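S.K.: The UniProt record's numbering applies: residue 1 is where the sequence shown begins, and numbers increase by one. Below you'll find the structure I mean.
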Amino acid sequence: MERIEISVVVPVFNEEKSVQALTQKLRETLSRTGKTFEIILVDDGSTDKTREIIRTLRARSILLNRNYGQFTAMATGIRKAHGEIVVTMDGDLENDPEDILKLIGKLGEGFDVVCGWRKNRWEGEFFTRRIPSLAANKFISWVTGVYLNDYGCNMKAYRRQILERLELGIYMQRMIAAYASKEGAKVTEIPIGFKPRPFGKSNYGLLRTFRVFFDVITFHFFYKYGRRPMHFFGAVGFWSFFIAFLLFGWMVYLKFIKYADFIKTPLPVLIGIFIMVGFQFILMGLLAELIIRHTPREVEYYEEINGEK
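Okay, structure coming up:
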């Protein structure tokens with residue numbers, strides 16, 4: 001197999017009007033690098049003519065059997081990529097393929113991950129989009145300790161050896177850069193262009209901003225306890241046993257010091273509840289320790305097409 005230097009992964013969903021133009025622009029841009037490359041289009045269960053168009057393009061195509069979501073589609077493409085450098089981007093023409101050259105050039109300065117920053121994305125939408133986006137990015141940066149201005153930008157460039165160390169089945173797309181940084185990668189960010197999508201409309205909204213907070217909490221939990229779940233469940237179980245012990249001590253105090261009838265109090269029931277909860281959390285911790293030893297599930301139901309390069 002010919003050595004591939006650059007892989008560009010593009011998840012698409014109902015992009016029949018843009019996928020052909022995007023692929024052509026990608027080929028024109030990548031040809032100027034003088035490097036070998038591949039374009040990987042991952043169709044995430046499109047219901048329009050996107051699949052039919054993809055089959056005719058000169059690109060590697062992965063056709064998922066249903067809609068799994070953007071990150072699963074992107075992760076599938078990344079796992080199938082052969083390039084030493086892997087670039088990800090959206091398929092709706094909001095990202096300019098020309099910016100790939102900037103990302104790759106920045107990697108050449110010694111970085112492992114280069115993230116795009118859509119600096120002027122929300123001009124004219126200060127309160128409805130710019131403020132929520134700013135708050136979400138500041139919150140993610142504060143929690144993760146990796147300070148970026150645009151966590152939601154999918155246009156990123158990675159060194160392959162970094163991606164091979166990440167478990168993409170666990171972490172959501174906007175957190176990949178933070179995860180990579182935690183694993184020792186050198187991460188940076190550069191401004192890139194942004195164009196309103198010429199076809200369709202963006203799914204971005206306030207609800208999506210709120211989901212970011214749940215993603216961050218999930219990321220923090222999985223990164224801290226993903227490989228040592230017993231530390232979490234065991235700690236909760238310990239405190240449950242400890243509370244049961246304190247309640248038992250209080251019950252003994254009432255019986256032998258105050259000579260009170262503790263049977264009429266909820267103490268016996270509470271002690272039993274906390275002991276059972278403690279045992280349950282300990283058992284959940286043991287089960288979690290067994291589960292994490294299994295490889296994260298990959299999407300197995302797809303069709304792959306090796307188009308002419």
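Where is the CB? At the ideal position from N, CA and C, for every residue including glycine. Bear in mind that the values here come from a model prediction, so they are computed numbers and not experimental data.
(1) Select from D43, K106, E164 and S133 the residue whose C-alpha is nearest the C-alpha of K119.
(2) According to DSSP, simplified to helix, strand and coil, what is I190?
(3) Closest to K35 by C-alpha separation, out of D44, I6 and M74, would be which residue?
(4) Examine the Cβ distances between the stretch 280 to 292 and the stretch 19 to 26 and report whether three or more of them are shorter than 8 Å.
(5) Just the C-alpha distance for M276 and Y253, rounded to the nearest angstrom, thanks.
(6) Using 8 Å as the threshold, is the stretch 136 to 153 in touch with the stretch 177 to 197, meaning 3 or more CB pairs across them?
(7) Provide the residue span of the beta strand (DSSP E) that contains I40, from first to last.
(8) Taking the C-alpha atoms as reference points, what is the distance between R60 and L101?
(9) Identify every residue that forms a DSSP beta bridge with I62.
(10) Could you give the C-beta distance for K195 and E94, rounded to a whole number, given that I count them as a contact under 8 Å?
(11) Here's the rule I'm using: 16 or more other beta-carbon atoms within 10 Å means buried, otherwise exposed. How should R51 be labelled?
(12) What is the DSSP secondary structure of G77, counted as helix, strand or coil?
(13) Note down, in chain order, each residue of its chain lying with its Cβ closer than 7 Å to the Cβ of P11, except the 5 sequence neighbours on either side.
(14) How many Å lie between V8 and I273 at the Cα?
M.R.: The relevant details are as follows:
(1) S133
(2) strand
(3) I6
(4) no
(5) 23 Å
(6) yes
(7) F37 to D43
(8) 21 Å
(9) V42 and E304
(10) 6 Å
(11) buried
(12) helix
(13) V42, D44, Q70, A73, M74, G77 and G91
(14) 54 Å
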